[in-house]
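See below for the structure under consideration.
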Amino acid sequence: MSETDLYRGYIDCLNNQYWQRLHRFVHDEVHYNGDRVGLSGYRDMLERDFREIPDLFFDVQLLISDPPFIASRLQFNCTPKGTFLGLPVNGRKVSFSENVFYEFLNGRIRHVWSVIDKAAIEAQL
Numbered sequence: 016m017s018e019t020d021l022y023r024g025y026i027d028c029l030n031n032q033y034w035q036r037l038h039r040f041v042h043d044e045v046h047y048n049g050d051r052v053g054l055s056g057y058r059d060m061l062e063r064d065f066r067e068i069p070d071l072f073f074d075v076q077l078l079i080s081d082p083p084f085i086a087s088r089l090q091f092n093c094t095p096k097g098t099f100l101g102l103p104v105n106g107r108k109v110s111f112s113e114n115v116f117y118e119f120l121n122g123r124i125r126h127v128w129s130v131i132d133k134a135a136i137e138a139q140l
């Protein structure tokens with residue numbers, strides 16, 4: 016299976032909150048923005064995101080593959096319940112993008128580098 020197919024399966028896993036399947040897509044020793052968080056830490060982060068943003072949905076706008084790397088631009092239109100990225104969103108609908116790079120190892124995501132467009136959120140508040 017290609018990295019692109021694996022990535023689309025991963026996004027489906029996130030959007031449907033199939034946490035018991037996350038290990039199929041994410042390496043046990045996953046790193047997030049340079050820090051080793053491990054699969055359980057990564058899952059905790061995602062579950063927290065969905066608790067804080069009940070209508071969270073990962074919408075892939077752009078996907079580029081250069082194995083073992085994937086680059087993706089994700090679009091979000093969501094309603095964080097409280098503070099998000101240090102900003103007092105408090106239930107307002109916001110739109111923003113995230114640029115993410117992934118490195119795959121043995122068919123699973125090993126490294127994630129993420130940059131969220133916080134300025135876009137600030138402009139809406």
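Residue 56 in the numbering used here sits at position 41 of the sequence shown, with consecutive numbering throughout. Even glycine gets a Cβ: it sits at the ideal position worked out from N, Cα and C.
Please check the pair Tyr25 and Ile124, which I expect to be a contact at CB under 8 Å, by giving their CB distance rounded to whole angstroms. Sequence index remark: in the sequence shown, residue 25 carries index 10 (1-based). Sequence index remark: in the sequence shown, residue 124 carries index 109 (1-based). Indeed, because the Cβ distance is near 7 Å, the residues count as touching under 8 Å.
What residue range is occupied by the uninterrupted beta strand (DSSP E) comprising Ile131? Within the sequence shown, residue 131 is the residue found at index 116, counting from 1. That run of the beta strand (DSSP E) goes 123-131.
Thinking Phe111 and Trp128 are a contact (beta carbons under 8 Å), I'd like their distance in whole angstroms, please. In the sequence shown, the residue the question calls residue 111 occupies position 96. In the sequence shown, the residue the question calls residue 128 occupies position 113. With a Cβ gap of about 17 Å, Phe111 and Trp128 do not count as contacting.
At what residue ranges does the segment 38-79 contain a whole run of the alpha helix (DSSP H), taking only runs of 4 or more? 53-67
Quick check on this structure: which residue in Asp70, Leu78, Ser80 has the alpha carbon closest to the alpha carbon of Cys93? Sequence index remark: in the sequence shown, residue 93 carries index 78 (1-based). For the residues Asp70, Leu78, Ser80, the minimum Cα distance to Cys93 belongs to Asp70.
Among residues of its own chain, excluding the 5 on either side of Asn3, which ones have a beta-carbon nearer than 6 Å to its beta-carbon? With the chain covering only 16 through 140, there is no way to say anything about residue 3.
How do the segment 28-45 and the segment 59-77 stand: do at least 3 beta-carbon pairs fall below 8 Å, yes or no? yes
If you follow the alpha helix (DSSP H) that Tyr33 is part of, which residue opens it and which one closes it? Looking up residue 33 in the sequence shown gives position 18. From DSSP, Tyr33 is part of no alpha helix (DSSP H); its letter is neither H nor E.
Mind checking Pro95: buried by the 16 CB within 10 Å criterion, or exposed? Reading the sequence shown from its first residue, position 80 is the one you call residue 95. Buried.
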